[in-house]
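First up is the structure itself, then whatever we jot down about it.
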Amino acid sequence: MISSSLLLVSGHVTVNACPPADRAALLAFKAALHEPYLGIFNSWTGYDCCNKWYGVTCDPSTKRVADINLRGESEDPIFQKARRTGYMTGSISPAICKLERLSTVIIADWKGISGVIPPCISSLPFLRILDLIGNQISGEIPYDIGKLSHLMVLNVADNKIIGRIPRSLADLSSLKHLDLRNNMISGTIPRNIGKLRMLSRALLSGNRIYGPIPETISYIYRLSDLDLSLNRLSGPIPESLGKMSVLGTLNLDANMISGKLPATLLSSRISILNLSRNAIEGSIPDFFGPRSYFMMLDLSYNKLKGAIPKSISSASFIGHLDLSHNHLCGKIPAASWLEHLEASSFTYNDCLCGKPLKAC
Ligand SMILES: *[C@@H]1O[C@H](CO)[C@@H](O)[C@H](O)[C@H]1NC(C)=O
């Protein structure tokens, strides 16, 4: 009787503890990093890595490590006590890939972590979130990233990533949120990107991406936010972008986009549209209507000519409008929502006139 209950107790202990292989992988991961100010790794001692190791969570049933959640900017008491944000150097050890049940990897905003994304990360079959924003990570996105069939969030923004967007990225069939902003990514946008049917946010701003905007982007029917600004994209804006059912934000500013302004963009679901600092030519299509509702419409610094179309008066709302630095001419149409606009919305054109500029 006694021996069997002892067995039960000892069995219980082994079931609850973290497997030694997971613990060893975490310790190797920790050994490649250096965090001098907060002591977040001080809790990473003892045998049970599932118990109070800062930022580590295990699956309650398998007891395997499921989440690594280390954020350098957080409300956690450890940060309040130190009265500072986090800073960490070192690199992400490939030992992390031995944690084969990982579902979340968040190593964000530590400012100083360098090295590459371990290529073996693509072989973590259960990975759902990979968030490495705000470090100094260099090298390329693993070419076979597309193997991560459960990945919903890929965020490597604000790092030093180089190379192209891998073609296999389009195989991430669960991907909802893609954030590659502010890196040094070059190459073109893969044409197969339209395969990402779950994608709702695609943020690629602040890279060196060139070539055309693939029309296939408009196949991503859940896409609500597309930011391709501050790149080197050229060619025309696909008209189909204005026919997307939930696209609300479209930022294409500061590229080398040419061609005409597609009429579809002016009475679409898009309410934030920034096309500033491109080479868009021709006139502004006379295609505004009651469906046109813009919190922000910035067409400044292009080559638009002709008059501001009369139909703009029928737009239901335009909060912030910037048509400055073009070649527009003629009388500014009147509209109720135009009352709050200032002259700066219209300055630096060829010959615009009327309120809020000088009378014609
Ligand atoms: C639109 O983009 C330009 C260029 O990147 C930027 O300077 C401007 O502030 C943006 N407009 C608004 C209203 O945010």
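So the sequence shown is numbered by full-length UniProt numbering: it starts at 1 and just counts up by one. Ideal Cβ placement from N, Cα and C applies to all residues, glycine included. Note that the structure is a prediction, hence the values are computed from the model and not measured.
Remark: the C-beta of M296 is in contact range of ligand 1, defined as less than 7 Å to any heavy atom. Inclusion of L203 and L180 in the CB contact set at 8 Å is warranted, their separation being smaller than that value. With a threshold of 7 Å, the Cβ atom of R191 does not count as near ligand 1, since no heavy atom of the ligand is closer than that. Taking each of V105, M296, K305 in turn and checking the Cα distance to G259, the smallest one comes out for K305.
Membership of A31 in the alpha helix (DSSP H) is indicated by the continuous run 20-31. Cβ-Cβ distances below 8 Å link I78 to L38, G39, I40, Y54 in the same chain, with the five nearest sequence neighbours on each side left out; the list follows chain order. If you ignore the 5 residues before and after D225, its C-beta comes within less than 6 Å of the C-beta of R201, T249, all in its own chain and listed in chain order. In this model, L33 and P212 are separated by some 40 Å (Cα to Cα). The three-state reading of DSSP puts D171 in helix, counting H, G and I together. Here R84 is exposed. Its C-beta has fewer than 16 other C-beta atoms within 10 Å. Residue burial annotation: Y301 is buried, with at least 16 other C-beta atoms found within 10 angstroms of its C-beta.
The beta-carbon distance between F294 and I318, rounded to whole angstroms, is 5 Å. This is short enough to meet the 8 Å contact definition. For K305, the enclosing beta strand (DSSP E) stretches over residues 303-306.
Setting aside the 5 residues that flank it on each side, S292 is surrounded in the same chain by L266, S267, A315, S316, each with a C-beta closer than 7 Å to its C-beta; the list follows chain order.
The criterion of a C-beta distance shorter than 8 Å is not satisfied by V153 and I121.
Annotation for L321 indicates a beta carbon at 7 Å or more from all heavy atoms of ligand 1. Membership of A157 in any beta strand (DSSP E) is not indicated, and neither H nor E is assigned to it by DSSP.
With distances taken between CA atoms, G289 lies nearest to P309 out of D59, P309, I272. For H340, the secondary structure class from DSSP, reduced to helix, strand or coil, is helix. The segment 62-144 contains, as complete beta strand (DSSP E) runs of 3+ residues, the segments 65-71, 104-108, 129-131 (chain order). Residues G146 of the same chain have their beta carbon placed closer than 6 Å to that of D171, with the five preceding and five following residues left out of the count. Spanning the alpha carbons of G72 and W337 requires a straight line of approximately 43 Å. In the structure shown, R201 falls within a strand segment according to DSSP collapsed to helix, strand and coil. DSSP lists L304 as the bridge partner or partners of G282. For V56, the uninterrupted beta strand (DSSP E) segment begins and ends at 56-58. G242 places its beta carbon 8 Å or farther from that of Y219. In this structure, V116 is the residue among N349, V116, V246, A359 with its C-alpha nearest to the C-alpha of I92.
With respect to the 8 Å criterion, M198 and S168 are not classified as neighbours on the basis of their beta carbons. In the assembly as shown, V105 is a buried residue. Its beta-carbon has 16 or more other beta-carbons within 10 Å. Contact check for L223 against V246 passes: the beta carbons are separated by less than 8 Å.
Relative to the Cα of S345, the nearest Cα in the group S61, I272, L299 belongs to L299. Beta-bridge partners assigned by DSSP to T249: D225, I272. The residue among T57, C360, A17, A334 with its C-alpha nearest the C-alpha of G46 is A17. Check the Cα spacing between E140 and each of A157, P125, I270, N42: the tightest is with A157. Separation of the CB atoms of I280 and K303 is rounded to 6 Å, and the pair is thereby assigned contact status at 8 Å.
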